[in-house]
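Trainee: In terms of my numbering, the sequence shown opens at residue 1 and continues consecutively.
Using N, Cα and C, we set each Cβ at its ideal position, and we do this for glycine too.
Every value quoted in this text rests on a predicted model; they were computed, and no experiment measured them.
Below are the structure tokens for one structure; questions will follow.
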Amino acid sequence: METYNFPDHLRGDTFDAIIFEVLVNSVALNLTGATVRIDLRKNGELYYRLKNNPGTGEGSITVTDAAAGKFRVDEQIIDIPGNVYSHDIEITLASGRKKTYAGGSWTIREDVTHDR
């Protein structure tokens, strides 16, 4: 599993999109029909989930080029309490094969100006 730490982010601000490319032995992983999911957790507790085909209250991921193994964590407002969260990137292929390809941390800092 590779380590990827998201850039620090201010709570309630718009997160700029990031594109990922998944390569296995230098070959693109075909993401056709795959589910891509990223959970943000602190002490095992789920604070936020991002995935393609998100449900209510979940963040958005878009598979941008399935054959080339590319997906994007979309531009979106990230409004969870300031903290350092653990995350991993789990992909379930159409075949049902499930693999975690990367993980790391994401620091969300509290902002000063907000409507909360």
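From residue 85 to residue 49, what does the alpha carbon distance come to, in whole angstroms?
Mentor: Roughly 12 Å separates the two Cα atoms.
Trainee: Check whether the stretch 93-109 touches the stretch 76-85, counting contact only when three or more Cβ pairs, one atom from each stretch, lie closer than 8 Å.
Mentor: Yes: the two stretches touch, three or more of their Cβ pairs being nearer than 8 Å.
Trainee: So, is residue 34 buried or exposed, given that buried needs 16 or more other C-beta atoms within 10 angstroms?
Mentor: Residue 34 is buried by the Cβ-count criterion.
Trainee: I need the straight-line Cα distance from residue 102 to residue 63, nearest angstrom please.
Mentor: If you take the alpha carbons of residue 102 and residue 63, they lie about 16 Å apart.
Trainee: Any idea if residue 27 is buried or exposed, counting beta-carbon neighbours within 10 angstroms, 16 or more meaning buried?
Mentor: It is exposed - the Cβ of residue 27 has fewer than 16 other Cβ atoms within 10 Å.
Trainee: Roughly how many angstroms separate the alpha carbons of residue 47 and residue 40, rounded to a whole number?
Mentor: Cα-Cα distance, rounded: 6 Å.
Trainee: Using the C-alpha atoms, what's the distance from residue 59 back to residue 44?
Mentor: The straight-line gap from Cα to Cα measures roughly 19 Å.
Trainee: Classify residue 28 as helix, strand or coil using the three-state DSSP reduction.
Mentor: Residue 28 falls in the strand class under three-state DSSP.
Trainee: Quick check on the burial criterion: 16 or more other C-beta atoms within 10 angstroms. Buried or exposed for residue 31?
Mentor: Per the 10 Å Cβ criterion, buried.
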